[in-house]
Structure formats: C-alpha cells, structure tokens
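Asks: Quick note on numbering: UniProt numbering labels position 70 of the sequence shown as 70, and the sequence is numbered without any gaps. Dropping the structure in here first, questions after.
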Amino acid sequence: MILCTRFIPNHTPCGQTRREFLWQAGGGFAGLGLIDLLTKDNAFAGELAARPQHFAAKTKHVVFLFMNGGPSHVDTFDPKPVLTKFNGKKYAGKQTVGSNGRPIGYLTQTTFQFHKHGQGGLPISSVYPHLSRHADELCVIRSMHSDTAAHASACIQMNTGSVLIGKPAMGSWLSSGLGTENENLPSFVVMTDPRGGPIG
C-alpha cells in the first residue's frame with residue numbers, strides 16, 4: 001500500500017505525481033512477481049489441487065452456464081398440459097412462495113408444441129428443433145424450486161442456495177470439494193453486476 005504523506009503543493013489528489021507513484025509502486029510489483037516465480041513449483045500442490053473422489057465419477061467435465069433470462073421452463077423442457085385447462089385464470093391454490101404481498105398473476109399456457117425425443121422420451125418443445133437430436137445427452141432437472149417469487153432473489157438462490165447475496169456459489173463448493181486440474185486458470189468464473197449479484 002502506498003501512503004501519500006508528503007505535502008507537495010500541486011493539484012494531484014494525494015500530493016504525488018504519476019511518475020512518483022509508479023516509481024514507488026514498481027518495487028512492490030516486482031516483489032509480487034518474484035514471489036510468484038519462487039513459489040511456482042509448489043503452487044499446484046495447494047488446497048485447490050485435484051483430489052480423489054469418494055465415488056468413481058461418471059462425468060469428466062461440466063460446463064454450467066447460468067444465463068439470467070430466456071424462455072420459460074414451460075416453453076422449453078417442462079410441459080404442463082393442465083395449464084391449457086386453466087389458461088387465463090387466477091391461481092386458486094395456496095401460495096407457497098413469497099411475493100411481498102403482491103398478487104400472483106394469471107396462469108398462462110405455452111404456445112409451443114412438445115414432442116418426446118431420444119430413447120428416454122425427453123419432452124422438448126419446438127423452441128429447440130435441432131437440440132432434440134441430442135436428447136439422450138441432456139440432463140434436465142425438474143425438481144428445483146425457489147423460496148421467493150422475486151426473480152433476482154430466485155436467481156441468487158439458484159446459484160448459492162440462499163436468497164441473500166454474499167454466500168458461496170456452486171462453483172466455490174465444487175472447487176473446494178473437488179479441486180481443479182487447471183494450474184493457470186481459475187477453477188470457476190462469476191461475472192457480477194455492480195450490485196454484487198450474478199449478472200441480471
């Protein structure tokens with residue numbers, strides 16, 4: 001850390017010129033680079049090195065892309081034929097997720113056709129006509145739910161298990177439990193928005 005304690009009557013915020021700042025900072029940056037070079041041999045033996053697993057893995061790699069927004073589950077992989085019967089009507093059941101006192105909107109059916117694909121008969125809508133050829137390579141999870149009707153909080157809960165920001169994300173837990181095979185790359189990446197949560 002560079003402390004600007006010298007008084008120089010000029011218009012710089014901390015009383016230093018850019019040249020003085022870079023000259024002082026250069027020693028610190030060089031030291032950081034030297035530390036990295038000296039510890040390079042032992043860097044991969046740290047706590048993020050790949051670990052043996054309790055059970056033999058069936059999957060070698062997972063790419064989890066959480067893209068906030070996009071088509072609804074009832075328009076893509078989760079057909080709800082009963083929605084046709086209740087289309088345009090208010091939800092009459094018990095409200096199990098919080099909506100901050102706001103009324104829940106009307107039920108809406110999908111406008112897309114569903115067909116079963118692959119050996120497992122995975123329902124895929126006409127939104128993805130080409131993806132249906134790879135139905136047997138997909139893993140569709142329909143058991144997830146959130147504790148809130150607020151989209152932003154539900155997105156945070158999807159990634160961290162909590163509706164509150166600041167909790168470890170799924171990638172943190174996977175890196176902690178399994179380690180990583182990448183010495184020079186991060187084990188996972190989260191791109192955040194200025195408010196602190198996942199982009200969205």
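Think of the CB as a built atom: it goes at the ideal place given N, C-alpha and C, for glycine as much as any other residue.
1) Less than 7 Å between the CB of VAL82 and some heavy atom of the ligand SAH, yes or no?
2) Just tell me which of VAL189, LEU178, LEU185 has its CA closest to the CA of ALA56.
3) Given this structure, state the Cα-to-Cα distance separating ASP78 from ILE124, to the nearest angstrom.
4) For SER172, report the span of its alpha helix (DSSP H) as first-last.
5) Can you look up HIS151 in the DSSP assignment and give me helix, strand or coil?
6) Suppose only complete runs of 3+ residues qualify. What are the beta strand (DSSP E) ranges in the region 61-143, listed by chain order?
7) When the Cα atoms are used, what is the spatial distance from SER187 to PRO168?
8) By the three-class DSSP mapping on this structure, what secondary structure does GLN16 have?
9) Candidates GLU181, SER143, GLN113: which alpha carbon is nearest residue 201's?
Replies: Taking the geometry as given:
1) Here there are no bound small molecules, and the ligand SAH is not part of this structure.
2) LEU178
3) 8 Å
4) 170-178
5) helix
6) 114-117, 122-125
7) 14 Å
8) coil
9) The structure shown does not extend to residue 201, since the chain is modelled only from 1 to 200, so the question has no answer here.
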